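Right, one structure below, let's go through it.
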Amino acid sequence: MKSIASAPGKIILFGEHFVVHGTKAILAAIDKRVTVTSTFTENKTIKVNSELGTIEVPISSSHEEVESKFRPFVYLANEMITSNQDINGLEITINSDIPIGVGLGSSSACCVAATASISGLFKEVSSEDNLKMSIEAEKTIFPNTSGADCTVCTYGGMIIYDKISGIEKIDNTSDLNFIITNTMIPHSTKRSVEKVSKFKEDYDEEWDEMFVDMEVIIDTAIQAIKNNDVVTLGKRMYQNHQTLAAIGVSNDTLDYVIRELNKISFGSKITGAGDGGCIITLIEEENVDKAPEIVGNDRECFSAKIDTKGVELKREK
Ligand code: PMV
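Numbering-wise (the working numbering), the sequence shown opens with residue -16 and increments by one.
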């Protein structure tokens, strides 16, 4: 039996960092996916194969004993093994076309697809249960995750995410064209999230003002999306970027590339934790070709569409 699941990567259009502290966020799944294939084995081990390497550990191993990049898979395998005593071993293989570690949701997509794939060896679980389990798996790497990334990777399309009141899907997004620029500057979500928490503690009055501003940016962006008003949407994206810069998760290089991209588009911003990683640009289709020259040879850029498909599972005998 082979259980194969895939999930999309994501961009955050609005509200990264602030969502951790209680605003809404707007996220979209993109047309780059990760596929996880799980099989039973006779080896009394949990084996994980990915482009980041391979591990094979005894079936009794805890996720805390392995390198952090493998933890979610060992955690999920353990969960399944504990509730299904008659398993000898599991092999989990990850194939991804989502660039790793640049804020495009590769770890969340892996957690979502791995949850569906591993649990799919036994039964198909509901999207809600898949989501809950994948967030727990992601917490083995990012204990403070807001859950937003796993949510959009589970449901696909564009969503408004709120930690307390849950999600709302937005349907009319098919015409939006994005350019994603990978700045090739490595970043760490954990470090950036900690830095923002420190900013919030040190500058509480400024933070409170920015928090209110961010709520207004997001509410007006939601209206713009619903009205197909790309001009306002782009402006709000850049405003969101300026607020992210003010809390310290941008830098001169990112700000420069974003200002240049703004000249050929409706608006740009960092997406995700910042301090490096990726920039998203809302752009008219006919201007897409102008982007590579602007971003330069030492950065990568590609166009992306919103993927309406969330997690998908296929089980083969
Ligand atoms: O891991 P990234 O780069 O997609 O960033 C996650 C988004 C944050 O808002 C910074 C953290 C979170 O858990 O929502």
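Each residue gets a CB set at the ideal place from its N, CA and C atoms; glycine is no exception. As the structure is a computational prediction, the values presented were derived from the model and not from experiment.
Over the uninterrupted beta strand (DSSP E) stretch that includes residue i, give me the two end residues.
i	result
Gly250	250 to 254
Ser90	Looking at the DSSP string, Ser90 is not in any beta strand (DSSP E); the run it does join, the alpha helix (DSSP H), is 89 to 103.
Arg16	8 to 24
Met141	141 to 145
Gly217	Gly217 -> not in any beta strand (DSSP E); alpha helix (DSSP H) instead, spanning 213 to 229.
Arg298	295 to 299
Thr31	Per the sequence shown, the amino acid found at residue 31 is Val instead of Thr. Where Val31 is concerned, the enclosing beta strand (DSSP E) stretches over 28 to 33.
Thr76	72 to 79
Gly283	The sequence given here has Glu at residue 283, not Gly. Its beta strand (DSSP E) spans residues 283 to 287.
Thr164	161 to 165
Ile168	Run containing Ile168: none; DSSP gives neither H nor E here.
Glu47	Glu47 -> no beta strand (DSSP E), and no H or E assigned at all.
Pro(-9)	-15 to -3
Thr264	261 to 265
What separation, rounded to the nearest whole angstrom, lies between the Cα atoms of residue i and residue j?
i	j	result
Lys27	Phe56	16 angstroms
Leu(-4)	Ala8	8 angstroms
Met220	Ala11	14 angstroms
Ile13	His4	25 angstroms
Met193	Ile81	32 angstroms
Pro169	Glu295	30 angstroms
Ser(-14)	Lys146	31 angstroms
Phe285	Ile163	5 angstroms
Ala204	Asn280	32 angstroms
Ile200	Met116	32 angstroms
Glu283	Lys252	16 angstroms
Ile83	Glu25	31 angstroms
Lys52	Leu73	18 angstroms
Asp235	His224	13 angstroms
Ala274	Leu244	7 angstroms
Ile262	Asp69	47 angstroms
Which term fits residue i, buried or exposed, when burial requires 16 or more other beta carbons within 10 angstroms of its beta carbon?
i	result
Pro126	exposed
Arg214	Inspection of the sequence shows that residue 214 is occupied by Val rather than by Arg. Answer is exposed; the Cβ neighbour count stays below 16.
Tyr239	exposed
Phe105	exposed
Arg174	exposed
Asp191	exposed
Val195	exposed
Report whether the distance from the Cβ of residue i to the nearest heavy atom of the ligand PMV is below 7 angstroms.
i	result
Glu(-1)	yes
Gly279	no
Ile(-5)	yes
Gly140	no
Val135	no
Glu2	The residue asked about is misnamed: residue 2 is Val in this sequence, not Glu. Under cutoff, so the answer is yes.
Asp158	no
Asp145	no
Asp132	yes
Ser148	no
Thr164	no
Thr128	yes
Thr6	no
Thr172	yes
Gly259	no
Ala(-12)	no
Gly88	yes
Gly72	no
Ala207	no
Ala12	no
So the alpha helix (DSSP H) residue i belongs to, where does it begin and stop?
i	result
Met197	187 to 209
Lys122	110 to 122
Met63	54 to 66
Glu39	No alpha helix (DSSP H) contains Glu39, which is instead part of the beta strand (DSSP E) from 36 to 41.
Ile241	235 to 245
Glu276	274 to 278
For residue i, which residues in the same chain have their Cβ closer than 6 angstroms to its Cβ, ignoring the five residues on either side in sequence?
i	result
Asn160	Ile266, Glu268
Arg16	Ser(-11), Pro(-9)
Gly217	Phe249, Gly250, Leu265
Is there at least one non-hydrogen atom of the ligand FMN closer than 7 angstroms to the beta-carbon of residue i?
i	result
Ser175	The model on display carries the ligand PMV but not the ligand FMN.
Taking only beta-carbon atoms, is residue i less than 8 angstroms away from chain B?
i	result
Phe105	The chain inventory of the structure shown lacks chain B, comprising one protein chain alone.
Might you give, ordered along the chain, the residues of its own chain that have their beta carbon closer than 8 angstroms to the beta carbon of residue i, omitting 5 neighbours on each side?
i	result
Thr156	Ala11, Gly140, Met141, Ile208, Ile289
Gly257	Glu(-1), His0, Gly86, His170, Ser175, Leu227, Val232, Ser233, Leu237
Taking 7 angstroms as the limit between beta carbons, can you name the residues of its chain near residue i, skipping five residues before and five after?
i	result
Ser33	Ile77
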